[in-house]
Amino acid sequence: MDPVVQSLAQLHKGSRGVVTAVSETGEAGLMMGDVRGASIARRLLEIGFVPGESIEVIGEVRPGGDPIAVRIGSTIFALRRREAQPVLVRVEPSSVTGTGGPEPP
Numbered sequence: 250m251d252p253v254v255q256s257l258a259q260l261h262k263g264s265r266g267v268v269t270a271v272s273e274t275g276e277a278g279l280m281m282g283d284v285r286g287a288s289i290a291r292r293l294l295e296i297g298f299v300p301g302e303s304i305e306v307i308g309e310v311r312p313g314g315d316p317i318a319v320r321i322g323s324t325i326f327a328l329r330r331r332e333a334q335p336v337l338v339r340v341e342p343s344s345v346t347g348t349g350g351p352e353p354p
């Protein structure tokens with residue numbers, strides 16, 4: 250089975266994988282609004298969302314699922330889904346939504 254690559258924004262609690270890219274186009278064009286006009290994608294790269302890093306969605310706020318808590322390496326970040334959009338993740342097959350994990354109580 251081919252690995253599934255999805256935007257981090259599409260993943261849910263329990264999803265795991267490896268960052269494959271942080272897109273500089275499309276949704277990544279959203280601006281942080283700071284004086285330098287740095288993009289969200291640039292900030293994500295600076296704080297460690299780089300290709301090859303392991304990633305896990307460890308929580309999401311209910312209702313709505315936004316923001317999400319993400320572990321990358323040994324650090325945990327809270328991201329809005331629109332901020333997570335540029336991060337592409339090769340998802341582990343056992344963690345694709347609806348398979349492989351324990352059901353919530």
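Residue numbering for the sequence shown follows this note's numbering, starting at 250 and increasing by one per position. A virtual CB, placed ideally from N, CA and C, is assigned to each residue, including glycine. Since we're looking at a predicted model, the values are computed, not measured.
Asked, Found
"Within the continuous beta strand (DSSP E) that includes residue 305, where are the two ends?", "303-309"
"Using DSSP bridges, identify the partner residues of residue 255.", "338"
"How big is the Cα-Cα spacing for residue 264 and residue 307?", "8 Å"
"In three-state terms, what does DSSP make of residue 328?", "strand"
"Check the C-beta distance from residue 335 over to residue 289 and give it rounded, since I have them as a contact under 8 Å.", "6 Å"
"Apply the 10 Å Cβ neighbour rule to residue 295 and answer buried if 16 or more other Cβ atoms are within range, or exposed otherwise.", "exposed"
"May I ask which residues mark the beginning and end of the alpha helix (DSSP H) holding residue 289?", "289-295"
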